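Undergrad:
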Ligand code: SF4
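Residue numbers (this note's numbering), protein chains in the order written: chain A, 805 to 1023; chain B, 4 to 614.
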C-alpha cells in the first residue's frame, strides 16, 4: 500500500476533510502523477485519509493512502513534487510503503494548549489533575446514536499537565483513536463542566503521534 | 496566544474561505511594493473565486512589479457578525492586512443585488461609504464590472468607475497613481487626471438635474469633464492576458473548474440581454491559442474539469478545431469538458456524443419565450423544430435530463405565450417517449422561469416591468399546466427581480435608500437565507422614494436616462430601432449574417467587426 505522512498546521487546519481530499487529488495531478480512478458514472481519484481531523485541529502525523493509475511506480521525489504546489499549512513529510492496516491504529497522542487571557488561574493545574484522577468524567459525546453522556476517563490512557507560561497550560494526553475514539477537545468540555473556574478562553488541539494498540508508533 | 481572528475561525461555517494561502496566491515583499490594491468582490468567496474577470485583473495587476493586488470577499453573515463583535476589520486574504490600509480599493460589480454587500464591506473595513467624506489620496475607492454601465445608484459611494474591459485601463490607472503618490497630489488632481483616461467615469464631475415631474431633465458636465465616457475594450483579444497559472482554491467554489475564454462579445442580438450588447463587438481567440492555454491551465491547476466560456459557444467559428482536439487531450486524463451555452440550432451530434463519453451532463436550452411570436419579438433566434430535433438526437443517445430556461414578463407577452412554455415542455416529453433508448431511467426536465428585468443598454431599456402581482399570476398560470411528474419547475422570486429592476435603471436618488437598508441590517440579498425585502420596503418609505416609479414606469423616448453620460459603443438610436422592430415582431439578423450598424465597430482600431 502506498502511504504518505503529512502535517496539517497553520491555516491548513481550516480545510475540511473534503477540501483536503481535493487538495491532494489536484496536487498529484500538478505533480504529473495520475491517481487511480474509481470506475462508474463520475469517476473519482482514489485517496483516503485515516481518522479525519475536525476543522481547527492541528496535526503533524496524518496518513494518506493512495493508488496510482496503471499501477505505475511511485516517483522517488514525490514528496518534493507534491510540496512544491501545496497550499499553506499542508506538507508531505514522508512517502513510503506500508502493509499495516489503518484499523490497527489504536491510540493517538494529542497536545492541548489552554489559553487564559487573564493569566492561568490559581490551582488550575491541580484542579485539572484532580479531574483526571477522579472516578469518572462524563460529557456529552457524539456517537452513532447521537449525543450520549459518556465517561471519557477509560479512553484516556496517559496524561500530564504542565504550565507553559503565565497564560497557558499544556495538557498532553494519549487517547483511544478508533472504536471507541475520543476527541481530545472533549477534555475542555469536561473542564468547563466540572471546573468552570478553570475553563480556558481558548484551546488549541494538536495531534502529535499515532500508535498501534501495543503502543508502537504507527506508520 | 491565539489572536482574535484565529479564535473566531473555528466557530464559523467554512472557515477555509477566510484564510487565503491557496496554491498560486500572490505574495510580495512589502518593501518592493509601491501600490497596494484591495480587489473586492461583493459576494462570497465561492462566487468571487469563480469569476474570470477577477482572476484576469488579479494576474494583470500582480504582473506589475511594484503593484500588489490582494483579494477581499464578502464574509458570510456569521463571520461578518463575529468580526464586528471582535473589532476585526475586513482584511485581504493574502496579507491579512486591513482593507483600510491599502492604497486603492476596487470593487468588481456584476449584479445589482450585490450593491448592499459593497456598502457592508466598506463599513466592515471602516471606510466611509460616501466618496465626499473621503478626502485623501489613500482613500480612493473605484469600481468596474457590468453594473458600472449604469452606476448612478452607486455614484455617491465611488470616486470613479471603469467602463468596459479593465485589462489596459488598470495599468494606465496604476501609472497615474504611482506618480500621484510620489508627488503627493490632492485627490482632486488625481481624479481630474484619471478622468482623461478613456473609459474612466468620475461621477462627481457631473450634476444630475431633475424636473418637477421627478424625471431627470439634464446632466451637466462640470470641471471640463467629457460629455460622454465610452467603454474600453481589449483590441487584440487573442494575445491579451489570460491567467494560465491562477489561484487554485483549496475549498469548493461554485464553478470549480478551469475556464477557457473562447471569445468576447456575441453576434446575436437578444433584445433583453445586457451582456450581449455591452461586450460588443465580438472578438474571438484563436483555437491554437486556446488549446495551448487549456494544456497549461490543466497542468498548472490540476483541475479535473474545463469549460469553454462565452456568451454563445456554438457561434465560435473554430469550435470543431478547438473542441475535438481538446476532448482528445482531456479524455485519457479523466478531465471533463463542459460546453455550456451551446445553441440548439448548430449543436453537432458528434460533439454531443463525444462529450458524453467523458461525463454525462444535462442538455440545456434557453428559448426564453414559449411561442415563436415572442421569440421573434425578443430576437431569440431559436425555433421549436431545432429544440425538438436536438432533443430527439440526445434522447436516442441515452440522455435523459433537459434544462429549460424561460422568462416571464417580457415586453408584449400574453397568456398565450405563457401557456406556450407548457406546450413546448410537453412536446419535449413526447419526443422523449418516441426516441428514448432507455425509458427505465425516466426523463427529468428542470424548467426555470426568471422575471424579466429591463436593463440599460438594451432595446428594452425603456420598458416597464410588470408588477410582482402580475408576475406571480403568470407563474401560477404556467404552474397549473405542468402536471407531469418529470417536470421540476422553479421560478425566481418576484421581490428580488423587482428590486433588481429598480436598481438597474436607478439614479442617484437611490443612494440614501441603500444606506438606510444597510443600516437596518440588509446584506447578502442574493441569498435566500438573508434576503429580507421588508427592510428594503421600509428604506424606500423612510427615504420617500417610490420604487415602482423606477421599475414599473415606461421611460420616454426623449427622456434623459441616468446612464446617458456613458456609452458602450452601441448607439441609442439603434436600440430604439430594435425596440420598434420588437413591437412589430421583426427579427434582426446576427452580426455574422448581416451587420445592423449598431456602432460598436467604431470601438475597434480597424473599424471592422470580425463577426
Ligand atoms: S457594428 Fe455591425 S457587426 Fe459590429 S457589433 Fe454592431 S451590428 Fe454587429
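We treat Cβ as the ideally placed atom computed from N, Cα and C, and that holds for glycine.
In this text the structure is predicted, and so the values were computed from the model without any measurement.
Please give me, in chain order, every unbroken run of the alpha helix (DSSP H) with length at least 4 that falls completely inside the segment 296 to 336 of chain B.
TA: Counting whole runs of 4 or more residues, the segment 296 to 336 of chain B contains the alpha helix (DSSP H) stretches 322 to 333.
Undergrad: Distance check for residue 598 of chain B and residue 483 of chain B, CA to CA, integer angstroms please.
TA: One C-alpha to the other measures close to 42 angstroms.
Undergrad: What residues match up with residue 493 of chain B in a beta bridge as DSSP calls it?
TA: Looking at the DSSP assignment, residue 493 of chain B forms a beta bridge with B/451.
Undergrad: Round the Cβ separation of residue 161 of chain B and residue 144 of chain B to the nearest angstrom and send it over; I've been treating them as touching at under 8 angstroms.
TA: Correct: roughly 6 angstroms between the Cβ atoms.
Undergrad: Does residue 890 of chain A pass the burial test, meaning 16 or more other C-beta atoms within 10 Å, or should it be called exposed?
TA: By the 10 Å Cβ count, residue 890 of chain A comes out buried.
Undergrad: List the residues of chain B that residue 1003 of chain A touches, going by C-beta distances under 7 angstroms, in chain order.
TA: In chain order: nothing, as chain B lies at least about 14 angstroms away.
Undergrad: Could you check if residue 1026 of chain A is buried or exposed, using at least 16 other CB atoms within 10 Å of its CB as the buried criterion?
TA: Outside the shown range of chain A (805 to 1023) lies residue 1026 of chain A, about which nothing can therefore be said.
Undergrad: Return helix, strand or coil for residue 211 of chain B, following the three-state DSSP convention.
TA: Three-state DSSP puts residue 211 of chain B in a strand.
Undergrad: Give the interface partners of residue 306 of chain B over in chain A, defined as CB-CB distance under 9 angstroms, in chain order.
TA: Ordered by position in chain A, the residues that pass the 9 angstroms Cβ test against residue 306 of chain B are 830 and 833.
Undergrad: Please list the partners that residue 1 of chain B has in chain A, where partner means a Cβ-to-Cβ separation under 7 angstroms.
TA: The requested residue 1 of chain B does not occur in the structure, where chain B is confined to residues 4 to 614.
Undergrad: When you measure from the CB of residue 283 of chain B to every non-hydrogen atom of ligand 2, does any distance come out below 7 angstroms?
TA: Inclusion of ligand 2 in the displayed structure is not the case, the ligand content consisting of ligand 1 alone.
Undergrad: Taking all protein chains shown into account, decide if residue 3 of chain B is buried (16 or more other Cβ within 10 angstroms of its Cβ) or exposed.
TA: Since the displayed chain B opens at 4 and closes at 614, residue 3 of chain B lies outside it and no answer follows.
Undergrad: What does residue 22 of chain B reach in chain C if we use C-beta pairs closer than 7 angstroms?
TA: The structure shown has no chain C; the protein chains it does contain are A and B.
Undergrad: Look up residue 28 of chain B in the DSSP assignment and say whether it is helix, strand or coil.
TA: The answer is coil: DSSP assigns residue 28 of chain B none of H, G, I, E or B.
Undergrad: Closer than 7 angstroms: is that where the CB of residue 602 of chain B sits relative to any heavy atom of ligand 1?
TA: Yes, since a heavy atom of ligand 1 falls inside the 7 angstroms radius drawn around the Cβ of residue 602 of chain B.
Undergrad: DSSP state of residue 421 of chain B, grouped into three classes?
TA: Helix.
Undergrad: Measuring only the C-alpha atoms, how far is residue 197 of chain B from residue 50 of chain B?
TA: Roughly 30 angstroms between the two C-alpha positions.
Undergrad: May I ask you to verify whether the segment 268 to 275 of chain B touches the segment 315 to 323 of chain B, counting CB pairs closer than 8 angstroms and requiring at least 3?
TA: Yes, since at least three Cβ pairs between the segment 268 to 275 of chain B and the segment 315 to 323 of chain B fall closer than 8 angstroms, the two stretches touch.
Undergrad: Assuming residue 101 of chain B and residue 92 of chain B form a contact by the criterion Cβ under 8 angstroms, report the distance between their Cβ atoms to the nearest whole angstrom.
TA: That pair is a contact at about 4 angstroms.
Undergrad: Output the distance between the C-alpha atoms of residue 898 of chain A and residue 884 of chain A, rounded to the nearest integer angstrom.
TA: C-alpha separation (whole angstroms): 10 angstroms.
Undergrad: By Cβ distance, which residues of its chain are closer than 6 angstroms to residue 455 of chain B, with the 5 residues on each side in sequence left out?
TA: Around residue 455 of chain B: 410, 412 and 413.
Undergrad: Going by beta carbon distance, what residues of the same chain come within less than 7 angstroms of residue 423 of chain B, once the five residues before and after it are set aside?
TA: The residues are 373 and 374.
Undergrad: For ligand 1, is there a heavy atom less than 7 angstroms away from the beta-carbon of residue 854 of chain A?
TA: Every heavy atom of ligand 1 is 7 angstroms or more from the Cβ of residue 854 of chain A, so no.
Undergrad: Near residue 362 of chain B, what residues of its chain come up, given a Cβ to Cβ distance below 6 angstroms and the 5 sequence neighbours on each side ignored?
TA: Summary for residue 362 of chain B: the model assigns pLDDT 48, below 50, so the residue's position carries little reliability; its value from the coordinates is reported in the next sentence. Around residue 362 of chain B: 339.
Undergrad: Tell me the rounded alpha-carbon separation between residue 949 of chain A and residue 850 of chain A.
TA: Approximately 29 angstroms, taken between the alpha carbons.
Undergrad: Closer than 9 angstroms by beta-carbon distance: list the chain B residues that pair up with residue 889 of chain A, in chain order.
TA: 26, 27, 251, 303 and 305, listed in chain order.
Undergrad: State yes or no: is the beta carbon of residue 973 of chain A nearer than 8 angstroms to at least one beta carbon in chain B?
TA: Residue 973 of chain A does not count as touching chain B.
Undergrad: Assuming residue 994 of chain A and residue 918 of chain A form a contact by the criterion Cβ under 8 angstroms, report the distance between their Cβ atoms to the nearest whole angstrom.
TA: Their Cβ separation, rounded to whole angstroms, is 12 angstroms, which puts residue 994 of chain A and residue 918 of chain A out of contact at 8 angstroms.
Undergrad: If you draw a straight line from the alpha carbon of residue 1005 of chain A to that of residue 996 of chain A, how long is it in whole angstroms?
TA: Cα to Cα, residue 1005 of chain A sits roughly 10 angstroms from residue 996 of chain A.
Undergrad: Residue 464 of chain B to residue 281 of chain B, Cα distance in whole Å?
TA: For residue 464 of chain B and residue 281 of chain B, the distance between alpha carbons rounds to 13 angstroms.
Undergrad: In three-state DSSP terms, what is residue 270 of chain B?
TA: It is coil, neither helix nor strand.
Undergrad: Going by DSSP in three states, residue 821 of chain A sits in which element: helix, strand or coil?
TA: Three-state result, residue 821 of chain A: helix.
Undergrad: Should residue 133 of chain B be labelled buried (16 or more other beta-carbon atoms within 10 Å of its own) or exposed?
TA: Result: exposed.
Undergrad: Please check if any C-beta of chain A sits within less than 8 angstroms of the C-beta of residue 96 of chain B.
TA: No, residue 96 of chain B lies away from the interface with chain A (no Cβ there is under 8 angstroms from its Cβ).
Undergrad: So which residues of chain A does residue 616 of chain B contact, with C-beta pairs closer than 7 angstroms?
TA: This structure gives no information on residue 616 of chain B, because the portion of chain B shown stretches from 4 to 614.
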